[in-house]
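Only one structure is covered here, and it is reproduced in the block below.
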Amino acid sequence: MYDVVVVGAGPAGSRYARQAASRGLDVVVFEQGEIGKPLACSGHVSTDIWEFTEDARDELFQNEISGARFHTGGPRSQDHPFYKDEVISNVIDRVGLDKHLAEVARDAGADVREEHSVVGVTEDRDSVTVEVRGDDGVETHRAKMVAGCDGPKSRVRRELDLPEPDELLHGVLGFSDEVDHGDFVDVHLTVPRFFAWRIPRGEAGVEYGLAVPPGDDARGRFEEFVDGYGVETDHRCSGLIPIGPPKRVTGRRSFLIGDAAAQTKPFTGGGIRYGMTAADHAAREIDPEDPATLGEYERAWRDDLRQEIRLGHAVRAGYSAPEPIQKAGMKAFEGEIGVHMDRPTTLFSREQLAALFSRS
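Read in order, the letters of the sequence shown are residues 19 to 378 in my numbering.
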């Protein structure tokens, strides 16, 4: 009988496992394949990422970013730059991040197992039963609670009939080997209800990507996008991006974290920091002996992230505005900014207001 079975060893799952094990809980983590693979997420993150790692900057760092060029057209269209006179974000080895966080969880005492696919989850009044397929066939494990950290198509969420995210976008990533140490990303508002991007990764090459609503031709749009840059991508991957957390991410003895709970930024789809922030709340608030504490987790993570997610939806709405309105808005606000890339509420910060007034 474990205290918690964690399904999924991405950033949210490994972060929760590390924090829970550090508090003395008996935790086992099951990852269906090799940790970090297949890659299905961008490596462009805020500098806050280093608060969640153990001296791993030298190992994971690829490039520094200080601004973004926004376009309403393709690669040769007019751009509107937004920047800081300091580093805004970093580009990192995304696979390496997952492996590092899983190793930190192991060091804290969590039992992290790769190549173990969860095939069934059942909630009882006093425990949960998790069926897992590994090298030796199907195993049955019991725990006081189960944490679903298994991504947008969460098996835990489906098995326990927990509510679905509001929306699942289809994202495509591709990578070229062109060396680029530039400190600006390019954002193109050329796809329906979202955007396309180009991210320089230093010696590691360049990342290209986009995301579209269900039913749209993601791959066709991606081909058109990279053709506009005149490049070929030698490695591609795709995945779903959950947007909009459901009203409930907990069951009787279960809880969701990260992409499984759609704890993501609506305006970029990124969820690494939000997911690990929620994981910290889960570790602090949830007592596996007391299912009533699941409500404390629901309140804690929503109190922390609700306003950021709400404002993120408002920012994303601008992607679908008519092009003249987009251009007018970007022209009015382009230049130096004081906004944190993970926190839309900083649109109303003193730093942002100072940046705006400095241009008048």
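Just so you know, even glycine gets a beta-carbon here, dropped at the ideal spot from N, CA and C.
Member of the options whose CA lies at the smallest distance from the CA of residue i
i: L178; options: I106, K265, L274; result: L274
i: E307; options: F79, S272, Q281, L57; result: S272
i: D184; options: G92, I261, Q344; result: I261
i: G127; options: P362, W319, D21, G152; result: D21
i: I106; options: N81, S256, H98; result: N81
i: H98; options: G92, E104, F88; result: F88
i: V209; options: V46, E341, A346, D66; result: E341
i: G152; options: D144, V47, D125, L43; result: V47
i: R112; options: S145, V122, I67, R124; result: I67
i: D305; options: D125, G169, I110, L43; result: L43
i: R317; options: D144, H299, A120, G61; result: H299
i: P218; options: P362, C167, V25, F79; result: F79
i: L57; options: G257, D234, E242; result: G257
i: G91; options: L365, Y337, T364; result: Y337
i: G330; options: L365, C59, A236, D252; result: L365
i: A296; options: P309, T268, F285, T286; result: T268
i: E182; options: R266, H206, R239, V156; result: R266
i: V164; options: D154, V146, I327; result: V146
i: E77; options: V109, V249, G246, R254; result: V109
i: M19; options: A39, A35, D234, V45; result: V45
i: V244; options: P93, Y34, A39; result: P93
i: S95; options: G85, H206, A39; result: H206
i: P233; options: R254, L186, W319; result: Looking at the sequence shown, residue 233 is not Pro but Gly. Among R254, L186, W319, the Cα nearest to that of G233 belongs to L186.
i: R394; options: D195, W319, G85; result: Residue 394 falls outside the range modelled here, since the chain spans only 19 to 378, and no answer is possible.
i: I259; options: C59, Y34, A35, A39; result: C59
i: V63; options: M294, Q344, R320; result: M294
i: D129; options: G155, R216, Y34; result: Y34
i: D252; options: G114, Q344, E225; result: E225
Cα-Cα separation, residue i to residue j
i: I355; j: V190; result: 29 Å
i: E303; j: L180; result: 20 Å
i: R41; j: E49; result: 22 Å
i: H301; j: Q37; result: Reading off the sequence shown, one finds Ala at residue 301, where the question assumed His. Spanning the two alpha carbons is a distance of roughly 6 Å.
i: F202; j: K102; result: 11 Å
i: K349; j: H199; result: 26 Å
i: R270; j: G313; result: 10 Å
i: H358; j: R75; result: 20 Å
i: G192; j: G61; result: 12 Å
i: E149; j: G166; result: 14 Å
i: G353; j: A346; result: 14 Å
i: R334; j: G169; result: 22 Å
i: V25; j: D322; result: 24 Å
i: D277; j: V23; result: 17 Å
i: A339; j: K117; result: 40 Å
i: A279; j: P263; result: 6 Å
i: A332; j: A120; result: 34 Å
i: F240; j: E221; result: 23 Å
i: G246; j: A310; result: 54 Å
i: Q344; j: F351; result: 11 Å
i: G114; j: G155; result: 29 Å
Whole-number beta carbon distance between residue j and residue i, since they are thought to touch under 8 Å
i: G227; j: A214; result: 7 Å
i: V230; j: F212; result: 6 Å
i: D204; j: K283; result: Not really, about 18 Å apart at Cβ, beyond 8 Å.
i: A188; j: A236; result: According to the sequence displayed, residue 188 carries His and not Ala. At roughly 4 Å, the Cβ-Cβ gap stays under 8 Å, so H188 and A236 are in contact.
i: Q325; j: T363; result: 6 Å
Residue i - DSSP class collapsed to helix/strand/coil
i: T251; result: coil
i: R143; result: coil
i: F243; result: helix
i: E326; result: helix
i: R6; result: The structure shown does not extend to residue 6, since the chain is modelled only from 19 through 378, so no value can be given for it.
i: P362; result: helix
i: E82; result: strand
i: M163; result: strand
i: I355; result: coil
i: R219; result: coil
i: D201; result: coil
i: L191; result: strand
i: R112; result: helix
i: D298; result: helix
i: A310; result: helix
i: R87; result: strand
i: D168; result: coil
i: F70; result: helix
i: A229; result: strand
i: G293; result: helix
i: T286; result: coil
i: V105; result: coil
9 Å Cβ cutoff, residue i in contact with chain D
i: V136; result: The structure shown contains no chain D, having only a single protein chain.
Closer than 8 Å: residue i CB and nearest the ligand MG heavy atom
i: A278; result: Inclusion of the ligand MG in the displayed structure is not the case, the ligand content being empty and no account of it being possible.
Just checking, does the stretch 69-81 make contact with the stretch 155-170 on the three C-beta pairs under 8 Å criterion?
no
Touching or not, the stretch 20-31 and the stretch 289-303, by the rule of three or more beta carbon pairs under 8 Å?
yes
Three Cβ pairs or more, each shorter than 8 Å: is that satisfied between the stretch 44-64 and the stretch 130-141?
yes
Check whether the stretch 136-153 and the stretch 168-175 are in contact - that is, three or more C-beta pairs closer than 8 Å.
yes
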